[in-house]
Amino acid sequence: YDEHGEPKFPLDDLLKLEEQVGRVRWIVPVLPSGELIKCLRTAVCLAREKIDTKSESCQRFIRDSLVTSFTKIFCDEAVGGWKNDIYIAIYNNAMLFIQLCAFKIDDDCFPLLDVLSFVMNPTGR
Numbered sequence: 001y002d003e004h005g006e007p008k009f010p011l012d013d014l015l016k017l018e019e020q021v022g023r024v025r026w027i028v029p030v031l032p033s034g035e036l037i038k039c040l041r042t043a044v045c046l047a048r049e050k051i052d053t054k055s056e057s058c059q060r061f062i063r064d065s066l067v068t069s070f071t072k073i074f075c076d077e078a079v080g081g082w083k084n085d086i087y088i089a090i091y092n093n094a095m096l097f098i099q100l101c102a103f104k105i106d107d108d109c110f111p112l113l114d115v116l117s118f119v120m121n122p123t124g125r
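Each residue of the sequence shown is one higher than the one before, starting from 1 at the first, in the numbering used here.
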């Protein structure tokens with residue numbers, strides 16, 4: 001927990017992720033050391049303990065940055081020109097996302113359900 005009594009969440013990584021996905025020439029940091037997977041790992045840990053809703057930063061990540069990031073990496077045409085290691089990293093991020101969905105299944109978390117619809121779409125990018 002942090003000094004405000006909220007579960008710890010990597011706020012610096014969240015802020016950097018928000019800045020990167022918000023650019024006109026956006027970047028989604030999907031590599032193993034990237035901000036997306038760091039935030040995802042923390043969200044999964046907090047959701048497993050059922051304390052994710054006690055962290056405003058985690059909720060902001062789930063509601064906004066996660067949705068924006070996955071929408072871009074699964075729906076944008078730019079994806080077609082990426083290298084194989086990026087696709088592997090996207091797959092690894094998607095597996096963590098599915099774990100998060102499993103822990104949140106009873107919560108009716110609509111942003112996650114929206115993303116899940118295109119992550120699991122076999123005809124998607």
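The C-beta atom is built at its ideal place from N, Cα and C for all residues, glycine as well.
Ignore the nearest five residues each way along the sequence and tell me which others in residue i's own chain have a CB closer than 7 angstroms to its CB.
i       : result
Gly-34  : none
Gly-130 : This structure cannot speak to residue 130, because the chain is shown only from 1 to 125.
In whole angstroms, what is the alpha-carbon distance linking residue i and residue j?
i       : j       : result
Leu-113 : Glu-3   : 32 angstroms
Asp-107 : Lys-50  : 10 angstroms
Thr-103 : Phe-97  : Checking the sequence shown, residue 103 turns out to be Phe, not Thr. Whole-angstrom Cα-Cα distance: 10 angstroms.
Cys-48  : Thr-42  : The question names Cys, but residue 48 is Arg in the sequence shown. Near 10 angstroms, if we compare the C-alpha coordinates of Thr-42 and Arg-48.
Lys-54  : Tyr-87  : 33 angstroms
Asp-13  : Val-115 : 21 angstroms
Since I believe residue j is in contact with residue i (beta carbons under 8 angstroms), could you give me their beta-carbon distance rounded to a whole number of angstroms?
i      : j      : result
Ser-65 : Cys-39 : 7 angstroms
Leu-36 : Asn-93 : 6 angstroms
Val-30 : Val-21 : Wrong, their Cβ atoms sit about 11 angstroms apart, outside the cutoff.
Mapping the DSSP letters down to three states, classify residue i as helix, strand or coil.
i       : result
Phe-97  : helix
Thr-123 : coil
Asp-108 : coil
Glu-77  : helix
Asp-64  : helix
Tyr-1   : coil
Phe-103 : helix
Checklist line | Uninterrupted alpha helix (DSSP H) stretches inside the stretch 12-55 (no shorter than 4 residues) | finding: 35-48
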